[in-house]
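Enquirer:
Structure (structure tokens):
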């Protein structure tokens, strides 16, 4: 009778690990590549787990210390430990729901101790607290295989480098487990075959009314600051305008003074020239002639000005002489007053 061979093959992709069972019991882990299984020997590929980093987004609604309801969006990045893939496959039936439950519990215990502003400023502390609490919770579930007293003695002796071997018989098995838990923090999550890589608080979403109030407060503060800057700008504008007007008036006064000085110099020069060139004329007669000329020039300028303005000037043949006498009398009175003061 000939031999009958029945072999199945299976392929495990890169960044994955396969779980091989023999007669329904875990046998080994299958690394990426092609594998052959003998169904007659009870071998089969029970499942494949990916070792890539997975992300679990959790939305949590909680209340802060100042009674503000907020929603936190947390992103938990975790992966299957390749060496402990069998624990990840057999220990947890639904790892996402259990991790989510732990995160809910930790966040709702930590956030109510913080105000809304502190939550925005210290969201990394919330993520760190969640990570630490997850490690503590899972550290309490670290298990040792069921060993005899002799086997535990060997483990304990090798762990402590051969010291305190005589004290082993005073420990119960549960005390040994607690003792080893303290010194195996790096193996946290290893029991379940999962490793938490990062926990991020992605977003903090307050209630709509709270966000509206915060925006109004921010807008009011900015408007207040804008009013201060606007007032300072108006102050600077008025100061600069006053300085400009003062400078303009000063320069205008200088111009008027120079104009009058030029007019005076021109009149004096004209009087002297006219007196020297026309014999028998006095300075008084020349001054009267110049005043009459300026009088008619002034009337001409008034006539060429805007038509909307009407100026009534008493005019007659002897009016020019009267104006000249008035100006001359005023000059004489001013000169006599200066003499009396001295």
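Residue numbers (UniProt numbering): 1 to 342. Glycine included, C-beta positions come from ideal geometry on N, C-alpha and C. Computed from a predicted structure; not experimentally measured.
1) Which runs of the alpha helix (DSSP H) fall wholly inside the UniProt domain "Band 7" (5-159) and span at least 4 residues, in chain order?
2) From residue 110 to residue 62, what does the alpha carbon distance come to, in whole angstroms?
3) Starting from the C-beta of residue 131, find all residues in its chain whose C-beta is less than 7 Å away, skip the five residues before and the five after it, and write them out in chain order.
4) Cβ-heavy atom distance between residue 304 and the ligand MG below 7 Å?
5) Identify whether residue 192 lies in helix, strand or coil by the three-state DSSP scheme.
6) Take every Cβ of the region 44-58, pair it with every Cβ of the region 77-97, and state whether three or more of those distances are shorter than 8 Å.
7) Is it the case that the region 88-103 contacts the region 203-219, given that we only count it when at least three CB pairs across the two stretches are under 8 Å?
8) Could you tell me the distance, in whole angstroms, from the CA atom of residue 102 to the CA atom of residue 192?
9) Does the region 63-73 come close enough to the region 16-32 to have 3 or more Cβ pairs within less than 8 Å?
10) Just to confirm before moving on: does the CB-CB distance between residue 16 and residue 49 stay below 8 Å?
11) Going by DSSP in three states, residue 207 sits in which element: helix, strand or coil?
12) One question on the structure: do residue 86 and residue 19 come within less than 8 Å of each other, judged by their Cβ atoms?
13) State yes or no: is the C-beta of residue 106 within less than 8 Å of the C-beta of residue 127?
14) Strictly by DSSP, which residues pair up with residue 201?
15) Let me check understanding here. Comparing Cα to Cα, which of 336, 300, 235, 69 lies closest to residue 108?
16) If you check the beta carbons only, do residue 8 and residue 26 fall under 8 Å apart?
17) Quick one: Cα of residue 10 to Cα of residue 34, how far?
18) Which value, in whole angstroms, describes the spacing of the CA atoms of residue 226 and residue 244?
19) Can you have a look at residue 304 and say buried or exposed, based on whether 16 or more other CB atoms are within 10 angstroms of its CB?
Expert: In brief:
1) 85-90, 95-110, 116-121, 123-139, 149-159
2) 10 Å
3) 196, 199
4) Of ligands this structure carries none, so the ligand MG is not represented either.
5) coil
6) yes
7) no
8) 14 Å
9) no
10) yes
11) coil
12) yes
13) no
14) 74
15) 69
16) no
17) 6 Å
18) 26 Å
19) exposed
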